[in-house]
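Comments concern the structure below.
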Amino acid sequence: MVSVFLENENDAIDREELYMIVYENVSKKYNDVTVVDNLSLTINDGEFVVLIGPSGCGKTTTLKLINKLIKMDEGTISIDDKNIMNIDAVELRRKIGYVIQQIGLFPNMTIEENISVVPKLLKWSKEKCHQRVCELLELVNMPYEENAKKYPNELSGGQQQRIGVLRALAGEPPIILMDEPFGALDPITRENLQDELKVLQKKLHKTIIFVTHDMDEAVNMADKIVFMSKGKVLQVASPEEMLNKPADPIISNFLGKLSFSPNGNDLTCADVMKKKVLIVPETKKTLECVALMKKRELNSAVVVDVNDKFKGAVTIENIREHGKPGEMISKILDTQIETVMITTNAKEAFDKLIETKADYLVVLDRDKTVAGIITGSSMTKALASVVWGEEN
Amino acid sequence: MEMRFVWQHLYLVGVACVFTTIIGLVLGATAYIFKFVRPTILWVVDIMQTIPVLALLGIIMIAFGATSTTVIIGIVLYSLLPVVRNTYTGLENIDPGIKEAAKGMGMTKLQRLFRVELPLSFPIVFTGIRIAVVTSIGTAVFGAVVGGGGLGSTISRAILIQDMTTLMQATLTLMAMAIIFDFGMGYVEKRLNAR
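Protein chains in written order, with this note's numbering: chain A, 1 to 392; chain B, 1001 to 1195.
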């Protein structure tokens, strides 16, 4: 169905025309504050460019200069070699798709009406508008029959922004501006939409300029990342290059967790242990203990004495085989559990886990109370976060 | 009490409110779009309400004589405030994201106003119209003074001849009118807001 879409439409617009966007020495001031400072930048036709930087770096202003929502003070921006100052703002905007964080669907219009706003402004025929709406909805797997007649408030946030993107695509603009479009969505929806947008971009070859402050998003989407700070461009590079060779300390700082740091030598057990452990006093009765394990969906528990000091551990099999109902678990306690101190180097703990072939190690604080346990999976997770960055 | 006065009263209110709505919307939208006339428009409609109705009618009568036209103009001037204010406020308070989207998509100012902003602010505008209608029912009573007819004349005649029955009838009719319009339009308003 997607190929039909491409064949039918001039989406693959006369490709002889090159929609290259060129900023030349562009500046914008608000009162005395320079928001965009003598910026020069070239965005190639069909490129997915992400503008990123700390808040207040001028990235949104830079974006809005293109469709003249903000007027620049100095310099020129040209699209396809035409100075945008010589193009009527309304005409210009109809040829540039625009997606914003607040989504901004018109609540008084149905989804179909929302999508066909620009086609109608461009005076397309009714049939052509309708056909376009059908194609676009199909593109994001939102069937026409189910969705077209709904109002925006009947859709979820993610669906609304899908429509927001379709609305921007509807007039077949060669350029699309996106101002933190997925910023207000939950992480899962956000990732889905990022993936969908990437697929769309591959199919439609639009020039997309995308503003975000999220480096994960930038790395995920961009052909080219433009890093801005205080109204200036600090670096223009592919995601790979930027991660490898950040050109400025501000960038490496911003990349932070994403940049590669193989240094796992100073990790201790505290960094790699699992803190959520079922701890039971040795005076607990067998059945109570089983009930607790069931509730937490665990198959073992760490046992401590009255002073909270570590005594041993019990497993559910253990209790089932040897325990009698009503008996204290201290009688069936396994005291031969491998332990490590919380300050122990993680690598030592890792070796111990491998050597002893134990399922887990109990991590003890200095006063012999239980701090956590280390399992194979907790160790893997910790190492992964060192290599690939923290998962939130 | 003759029914003819009731109809006359409703006619005065009805015609006046049609004009109030049209003029109010235009002024409210003008105040919203053109920053430089905004203070003037809002100030003038404010001031209008501070002039005593009788004085206002007297001034208009100089131009239009003792006719229903004078009364209708009086009611319109007197009830513009809520419609203008609510139109302006309604337009001003539309979600900035929606406004930005409309602008960014290449709608002209007028397209934005008619296709997006006015439809969205209509529930608030309607509240203004409801207030205008209910106040004009009371304002129209003063029409009797300048020969405009309506229940005002019934009341003033009843006072002259000390006809308590007619006086009460006319007063209760006016109250009922106000309450019916208030409730009826209030119901519509709720439906509009629920959308």
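Each residue gets a CB set at the ideal place from its N, CA and C atoms; glycine is no exception.
Sequence-ordered contacts of the stretch 70–104 of chain A with chain B read ALA89, VAL90, GLU91, LEU92, ARG93, ARG94, LYS95, ILE96, GLY97, TYR98, VAL99, ILE100, GLN101, GLN102, ILE103 and GLY104 [C-beta pairs closer than 9 Å].
The Cβ of ASN345/A sits no closer than 8 Å to any Cβ of chain B.
Scanning the stretch 1125–1174 of chain B for uninterrupted alpha helix (DSSP H) segments of 4 residues or longer gives 1151–1160, listed from N- to C-terminal end.
Residues of the stretch 270–287 of chain A that bring their beta carbon within less than 8 Å of a beta carbon in chain B are absent altogether.
At the C-beta level, ASN153/A and GLN194/A stay beyond 8 Å of one another. Take the alpha-carbon of ILE1047/B and the one of LEU177/A: they are about 47 Å apart. Going by DSSP, ILE209/A is part of no alpha helix (DSSP H) but of the beta strand (DSSP E) stretching over 207–212.
A contact between stretches requires three or more CB pairs, one per stretch, nearer than 8 Å, and the stretch 214–232 of chain A meets this requirement with the stretch 48–64 of chain A. Close to PHE350/A, with beta-carbon spacing below 7 Å, lies no residue of chain B; the smallest spacing is near 51 Å. Annotation for ILE1137/B: HIS1009, VAL1013, LEU1174, MET1177, ALA1178 and PHE1181 place their beta carbon closer than 8 Å to its own, counting only its chain and skipping 5 residues before and after. Measuring C-alpha to C-alpha distances from ALA1029/B to each of MET1003/B, GLU1092/B and THR1171/B identifies GLU1092/B as the nearest. Inter-residue distance for PRO1096/B and GLY1104/B is about 12 Å (C-alpha atoms, whole angstroms). Look at LEU1120/B: its C-beta is under 8 Å from a C-beta on chain A.
The C-alpha of ILE115/A lies about 28 Å from the C-alpha of ASN86/A. Cβ neighbours of VAL1076/B within its own chain (closer than 8 Å, five residues either side excluded): ALA1016, PHE1019, THR1020 and ILE1023. Contact between the stretch 59–78 of chain A and the stretch 24–40 of chain A is present, with at least three C-beta pairs closer than 8 Å.
With respect to VAL1116/B, ALA1102/B sits close: the two C-beta atoms are nearer than 8 Å. Against chain B, the beta carbon of PHE106/A has neighbours under 7 Å at ILE1098 and VAL1116, listed in chain order. LYS95/A and LYS276/A have their alpha carbons spaced roughly 55 Å apart. From the beta-carbon of VAL35/A, no residue of chain B is found nearer than 7 Å; the closest lies around 17 Å away.
DSSP, reduced to helix, strand and coil, places ASN25/A within a strand of the structure shown. Scanning chain B for C-beta atoms nearer than 8 Å to the C-beta of LEU121/A yields MET1105, GLY1106, MET1107 and GLN1111, reported in chain order. Counting C-beta pairs closer than 8 Å gives three or more between the stretch 292–310 of chain A and the stretch 361–379 of chain A, which meets the contact rule. The beta carbon of PHE210/A is closer than 6 Å to those of VAL50 and MET178 in its chain, skipping five residues each way along the sequence. Residues of chain B whose Cβ lies closer than 7 Å to the Cβ of VAL117/A are, in chain order, MET1105. When only Cα atoms are considered, LEU39/A and VAL90/A end up about 25 Å apart. Among the CB atoms of chain A, one or more fall inside 8 Å of the CB of ALA1101/B. About 5 Å separates the Cβ atoms of THR207/A and TYR19/A, confirming a contact at the 8 Å cut-off. Taking a Cβ-Cβ cut-off of 7 Å, the neighbours of ASN67/A in chain B comprise GLY1104, given in sequence order.
The Cβ atoms of VAL302/A and ALA382/A lie no closer than 8 Å to each other. Pairing VAL280/A with VAL304/A, the inter-Cα distance amounts to about 6 Å.
TYR151/A is a Cβ neighbour of THR110/A, given a cutoff of 8 Å.
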